[in-house]
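Engineer: This is the structure I want to talk about, given as structure tokens.
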Amino acid sequence: MKILTTNYITCAVKACKTSSNAFPLQFRDAELVQEELELNEEFIKNILPRIEWPALVQTAASLGFTTLPSTKPEGDLDEQMIKDLHTLLVETQVISGKLVCGNCQHEYNIHQGIANFLLPNHLV
Amino acid sequence: MLPTPDTSHIDPDTTYEPNTDSYLILDSLTADAPFLSSRFKAPAPTPLILELGTGSGIISAFIASNPVTLFGRPDLLLLGTDANSIACAATNQSLKITPNPHLQLASVTADLATPIRPNEVDVLVFNPPYVPSPDVPKLGKHEDGYEEQFRLLALACDGGADGMEVTRRVFEGLGETLSARGVAYILFCASNKPDEVMEELQGKGWSCVKVGDLGKKGGIEKLTVWRIYK
Numbered sequence: 001m002k003i004l005t006t007n008y009i010t011c012a013v014k015a016c017k018t019s020s021n022a023f024p025l026q027f028r029d030a031e032l033v034q035e036e037l038e039l040n041e042e043f044i045k046n047i048l049p050r051i052e053w054p055a056l057v058q059t060a061a062s063l064g065f066t067t068l069p070s071t072k073p074e075g076d077l078d079e080q081m082i083k084d085l086h087t088l089l090v091e092t093q094v095i096s097g098k099l100v101c102g103n104c105q106h107e108y109n110i111h112q113g114i115a116n117f118l119l120p121n122h123l124v
Numbered sequence: 001m002l003p004t005p006d007t008s009h010i011d012p013d014t015t016y017e018p019n020t021d022s023y024l025i026l027d028s029l030t031a032d033a034p035f036l037s038s039r040f041k042a043p044a045p046t047p048l049i050l051e052l053g054t055g056s057g058i059i060s061a062f063i064a065s066n067p068v069t070l071f072g073r074p075d076l077l078l079l080g081t082d083a084n085s086i087a088c089a090a091t092n093q094s095l096k097i098t099p100n101p102h103l104q105l106a107s108v109t110a111d112l113a114t115p116i117r118p119n120e121v122d123v124l125v126f127n128p129p130y131v132p133s134p135d136v137p138k139l140g141k142h143e144d145g146y147e148e149q150f151r152l153l154a155l156a157c158d159g160g161a162d163g164m165e166v167t168r169r170v171f172e173g174l175g176e177t178l179s180a181r182g183v184a185y186i187l188f189c190a191s192n193k194p195d196e197v198m199e200e201l202q203g204k205g206w207s208c209v210k211v212g213d214l215g216k217k218g219g220i221e222k223l224t225v226w227r228i229y230k
């Protein structure tokens, strides 16, 4: 799963959906792999408006990517910024670890790149 | 006709194999490309596509392979869920071998859209378990290997009463799942009584347009695909 996934998911527990603490879910013990993919500048520029930037900055920082500016870059992006975003958003996959809800503390396991959001019976 | 994605890597003992219903969704999306292209025309932000119950991943892979033909733009973001983690792995593989693996965010194991943030999804695609059955299989894993295989395949097919129990749960959350510009594409069989279902949805303010159908038996269309939106 790509890091940007956390921009569009939240805790599967119904009561957490409206809690600001549940977003973004936090990675724990995440193991990352880089997969080389062709740089597509247009794609990076196009998806920027679709990104909730503060949440991405927070998630990226927790994984050791600390070069993102605190506000979303606008206008023309320099070459280095495009490269950094390509590495972070397109080439980096989380292959194992956990995603943790900041509201209920429930942990969702990630195994072979697939996060499991099925809840135990008592939480459904 | 657009080429059908390669899903030959899937294990049909544990993952639903692409079938007539899957292909009908591919054709329906293709037929509805003018609508999609106009609704999501750039410079509107990149559409987020969510497929529920991806199975082999053939539908997501088809979308990822043809963004310009279907949406009139090269940029999409694709998410998929399936209650069967083996199907999630199959979906990942199907996406990986498309020309555009960069469009896929993740395939996650989940009950429908339960972990998806509210009002983020621009296009929801669902080939549901639509076959009427005495009950819908449980989401918890079965210890016995044979029983587990049986459960996984039943998850992809058994839709409970009228074959509608799972689809109804999607409808209940549809307003919360879709964005303001959101559209859902959902497949029905004749036993689902789609005409009655659409009337009900229209009563709740949804627009419903039939975008695909296949095979008539005694005047009744066996399979149909509907675009449901506001």
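Protein chains in written order, with full-length UniProt numbering: chain A, 1 to 124; chain B, 1 to 230.
Ideal Cβ placement from N, Cα and C applies to all residues, glycine included.
All of these numbers come straight from a predicted model, not from anything done at the bench.
How long is the line joining the alpha carbons of Val123(B) and Val57(A), rounded to whole angstroms?
Structural biologist: To locate residue 123(B), count along the second sequence from 1; it is residue 123. To locate residue 57(A), count along the first sequence from 1; it is residue 57. Roughly 26 Å between the two C-alpha positions.
Engineer: Determine the direct distance from the alpha carbon of Lys98(A) to that of Leu25(A), and round the result to whole angstroms.
Structural biologist: Sequence index remark: in the first sequence, residue 25(A) carries index 25 (1-based). Sequence index remark: in the first sequence, residue 98(A) carries index 98 (1-based). Looking at the two C-alpha atoms, the distance is approximately 9 Å.
Engineer: Kindly identify the DSSP beta-bridge partner or partners of Tyr229(B).
Structural biologist: Translated into the one-based positions of the second sequence, residue 229(B) becomes position 229. Bridge partners of Tyr229(B): Val183(B) and Ser207(B).
Engineer: Are there three or more Cβ pairs, one per stretch, closer than 8 Å when the stretch 158 to 165 of chain B is compared with the stretch 12 to 27 of chain B?
Structural biologist: The stretch 158 to 165 of chain B vs the stretch 12 to 27 of chain B: no contact.
Engineer: In this structure, how does DSSP classify Val166(B) when only helix, strand and coil are distinguished?
Structural biologist: Against the second sequence, residue 166(B) aligns to sequence position 166. If DSSP states are grouped into helix, strand and coil, Val166(B) belongs with the helices.
Engineer: Cα-Cα, which of Thr4(B), Asp21(B), Pro115(B) and Leu52(B) is closest to Ala184(B)?
Structural biologist: Within the second sequence, residue 184(B) is the residue found at index 184, counting from 1. If we check each option's Cα against that of Ala184(B), Leu52(B) comes out closest.
Engineer: Which same chain residues end up closer than 7 Å to residue 233(B) when comparing Cβ atoms and leaving out the 5 residues on each side of it in sequence?
Structural biologist: No answer is possible for residue 233(B): it lies beyond the span of chain B, which begins at 1 and ends at 230.
Engineer: CA-CA distance, Asp84(A) and Glu120(B)?
Structural biologist: Start at 1 with the first residue of the first sequence, and residue 84(A) comes out as number 84. Start at 1 with the first residue of the second sequence, and residue 120(B) comes out as number 120. So the alpha carbons of these two residues sit roughly 25 Å apart.
Engineer: According to DSSP, is Thr224(B) part of a helix, a strand, or is it coil?
Structural biologist: As a position in the second sequence, residue 224(B) is number 224, starting the count at 1. Three-state result, Thr224(B): strand.
Engineer: Looking at the structure shown, is Arg39(B) part of a helix, part of a strand, or coil, going by DSSP?
Structural biologist: Counted from its first residue, the second sequence places residue 39(B) at position 39. DSSP places Arg39(B) in helix when its eight states are reduced to three.
Engineer: Once the 5 residues before and after Leu68(A) are set aside, which same chain residues still bring their CB inside 6 Å of it?
Structural biologist: Indexing the first sequence from 1 puts residue 68(A) at position 68. Cβ neighbours of Leu68(A) beyond the five flanking positions: Val57 and Ala60.
Engineer: Hey, out of Ala12(A), Thr6(A) and Glu74(A), whose CA is closest to Asp111(B)'s CA?
Structural biologist: The residue given as residue 111(B) occupies position 111 in the second sequence. That would be Ala12(A), whose Cα lies nearest to the Cα of Asp111(B).
Engineer: Name the residues in the stretch 45 to 65 of chain A whose C-beta lies less than 7 Å from a C-beta of chain B; which are they?
Structural biologist: Those residues of the stretch 45 to 65 of chain A that come within reach of chain B (Cβ to Cβ, closer than 7 Å) are Asn46, Ile47, Pro49 and Arg50.
Engineer: Taking only beta-carbon positions, decide if Ala115(A) is within less than 9 Å of chain B.
Structural biologist: Position 115 of the first sequence holds residue 115(A). Yes - at least one Cβ of chain B is within 9 Å of the one on Ala115(A).
Engineer: Keeping to the same chain, check which residues put their C-beta closer than 7 Å to that of Leu63(A); ignore five residues upstream and five downstream.
Structural biologist: Taking the first residue of the first sequence as position 1, residue 63(A) is located at position 63. Excluding positions up to five away in sequence, the list reads Ile3, Phe27, Ala30 and Leu32.
Engineer: Under a three-way DSSP split, which group does Lys45(A) fall into?
Structural biologist: Taking the first residue of the first sequence as position 1, residue 45(A) is located at position 45. Of the three classes helix, strand and coil, the one that applies to Lys45(A) here is helix, per DSSP.
Engineer: Give the DSSP bridge partners of Gln149(B), in chain order.
Structural biologist: As a position in the second sequence, residue 149(B) is number 149, starting the count at 1. Answer by DSSP bridge pairing: none, since Gln149(B) is not bridged.
Engineer: Does chain A have any CB closer than 9 Å to the CB of Glu147(B)?
Structural biologist: Position 147 of the second sequence, counted from the first residue, corresponds to residue 147(B). No, Glu147(B) lies away from the interface with chain A (no Cβ there is under 9 Å from its Cβ).
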